[in-house]
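Take any residue in the sequence shown, note its place counting from 1, add 49, and you have its number in the working numbering.
Working notes, structure below.
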Amino acid sequence: MKEFSIDVPVEPPTELKPLFVPIPAEYVEDAYKSDEFIVLVGPQHPGSGHMRIIVKVHGDIIVDAIPDPGYVHRSMEKIAENRLYIQNIPLFERPSIMDNANFNLGYIRAIEESLNIEVPERAKYLRTIMAELCRIGTHLYDAAILAVFIGHTTGFMYPFAVREIICECLVRMTGARFTSSFIIPGGVRRDVDKKVLDFVRKATFEIERRLKNFEKIFIKNPATIARLREVGVLSKEEAIKYGVVGPFLRASGVEYDVRKIESYEAYDDLDWEIVVADEGDGYARFLV
Numbered sequence: 050m051k052e053f054s055i056d057v058p059v060e061p062p063t064e065l066k067p068l069f070v071p072i073p074a075e076y077v078e079d080a081y082k083s084d085e086f087i088v089l090v091g092p093q094h095p096g097s098g099h100m101r102i103i104v105k106v107h108g109d110i111i112v113d114a115i116p117d118p119g120y121v122h123r124s125m126e127k128i129a130e131n132r133l134y135i136q137n138i139p140l141f142e143r144p145s146i147m148d149n150a151n152f153n154l155g156y157i158r159a160i161e162e163s164l165n166i167e168v169p170e171r172a173k174y175l176r177t178i179m180a181e182l183c184r185i186g187t188h189l190y191d192a193a194i195l196a197v198f199i200g201h202t203t204g205f206m207y208p209f210a211v212r213e214i215i216c217e218c219l220v221r222m223t224g225a226r227f228t229s230s231f232i233i234p235g236g237v238r239r240d241v242d243k244k245v246l247d248f249v250r251k252a253t254f255e256i257e258r259r260l261k262n263f264e265k266i267f268i269k270n271p272a273t274i275a276r277l278r279e280v281g282v283l284s285k286e287e288a289i290k291y292g293v294v295g296p297f298l299r300a301s302g303v304e305y306d307v308r309k310i311e312s313y314e315a316y317d318d319l320d321w322e323i324v325v326a327d328e329g330d331g332y333a334r335f336l337v
């Protein structure tokens, strides 16, 4: 048999080395000399390039942690330099497939402010509806994944079933479950008729009804509370110091929501309150 060899580089290319975070040698050495040990958190997703965290723990206490972003950063800024601004809309929807409208909205609003484009009032309301549907769908997805991590199979299935209602609303509004490129500079790609809006309105009531059952099954389940309460406590001061944002910031007692404080689209015309919790633990973050 003819001999052959495959030239496989032992180390990643020089330009890609910053993306690779190896396990520190001292971590491995210390693991044999103390009660601390290493846990590689992630990647938990079958896709390639998802982030992981190299964690050193002592029992249930995290002693040290090194984040490895992997290929999550896909050089979108560089890619965008060689495209027309309208061509970047599908690109910027991809970092978060379920919450694509909110990612896209930030990019579109930047274009509109730069070019002094005024958006019609109806388009603002349609954008807001779209953004909130995607936001709720993302929260349901997160709740389902959380249930998997704490070993609650029913808690995983239930949010995904409710999430399908969101997807049906998105299909009827935009023609696609995800990444529809519905929001464009100056407004939205197409108008939405009254029949579809009535369906979305009824769907919100159905979601609310089903979430009451989910509250009994998972949210107020003693096992869920035991796994999340008083775990990973982040104080108000620490949250501000480390620049925490969104629900995690509000779960630590900071009443700040950009939709209210720096209102955009139709949020200023709506009557709603900022949801805040003071505990700053895992359970508070889940509830917020």
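Ideal placement from N, C-alpha and C gives every residue a C-beta, glycine not left out.
Every value quoted in this text rests on a predicted model; they were computed, and no experiment measured them.
| said: Along the chain, where does the alpha helix (DSSP H) containing LEU140 start, and where does it finish? | reply: 137-141
| task | Could you tell me which of ASP117, LEU140, ASP113, PRO116 sits nearest to GLU126, measuring between CA atoms? | result | LEU140
| said: Tell me which residue opens and which closes the beta strand (DSSP E) that ASP247 is part of. | reply: Premise fails: ASP247 lies in the alpha helix (DSSP H), 243-263, not in any beta strand (DSSP E).
| field | Rounded C-alpha distance that separates GLU286 from LEU277 | value | 21 angstroms
| How would you call LYS265, buried or exposed, if buried means at least 16 neighbouring beta carbons within 10 angstroms? | exposed
| said: I'd like to check one pair, ASN270 with GLY204: are the Cβ atoms closer than 9 angstroms? | reply: yes
| task | Tell me where the beta strand (DSSP E) around ALA114 begins and ends. | result | 110-117
| message | Closest to VAL324 by C-alpha separation, out of ARG334, TYR316, ASP318, GLY281, would be which residue? | response | ARG334
| request: Consult DSSP for ARG278 and reduce its assignment to one of helix, strand or coil. | output: coil
| request: With a threshold of 16 other CB atoms inside 10 Å of the CB of TYR88, please say whether the residue is buried or exposed. | output: The question names Tyr, yet the displayed sequence has Val at residue 88. Per the 10 Å Cβ criterion, exposed.
| said: Measuring only the C-alpha atoms, how far is ILE157 from MET222? | reply: 19 angstroms
| field | Option nearest ASP84 by Cα separation, candidates ASP109, VAL90, GLU170 | value | ASP109
| request: Would you decide whether ARG176 is buried or exposed? Buried here means 16 or more other CB atoms lie within 10 Å of its CB. | output: buried
| message | Taking the straight line between their C-alpha atoms, what separation do you get for ARG101 and ILE115? | response | 9 angstroms
| Given ALA315 as reference, the closest of PHE209, GLY200, GLY295, VAL168 once Cα atoms are compared | VAL168
| LEU89 - DSSP class collapsed to helix/strand/coil | strand
| Do you know offhand how far THR187's Cα is from MET147's? | 6 angstroms
| field | Residue from PRO118, ILE274, CYS216 with nearest C-alpha to ALA252 | value | CYS216
| request: Quick one: residues in its chain with C-beta nearer than 7 angstroms to the C-beta of ALA300, no 5 flanking neighbours on either side, listed in chain order? | output: ALA326, GLY329, ALA333, ARG334, VAL337
| said: Assuming the contact rule is C-beta atoms closer than 8 angstroms, GLU162 and SER230 should be a hit. Round their C-beta distance to whole Å, please. | reply: Actually they do not touch by this definition, with Cβ atoms about 20 angstroms apart.
| Pairwise C-alpha distance: ASP117 and TRP321 | 38 angstroms
| Around the C-beta of MET179, are 16 or more other C-beta atoms found within 10 angstroms, so that it is buried, or is it exposed? | buried
| request: Could you give the DSSP three-state label for HIS201: helix, strand or coil? | output: coil
| Beta-carbon proximity check, ILE232 vs LEU164, cutoff 9 angstroms | no
| Are ILE166 and PRO234 close, meaning C-beta to C-beta below 9 angstroms? | yes
| Outcome for HIS201 when other beta-carbon atoms lying within 10 angstroms are tallied against a minimum of 16 | buried
| task | Determine the direct distance from the alpha carbon of ALA192 to that of VAL245, and round the result to whole angstroms. | result | 27 angstroms
| said: Taking the straight line between their C-alpha atoms, what separation do you get for GLU170 and ARG238? | reply: 15 angstroms
| query | Which one of ARG250, ASP317, GLY281 has the shortest CA to CA distance from VAL112? | reply | GLY281
| field | Per-residue burial, GLY331 [other beta carbons within 10 Å of its own, 16 or more giving buried] | value | buried
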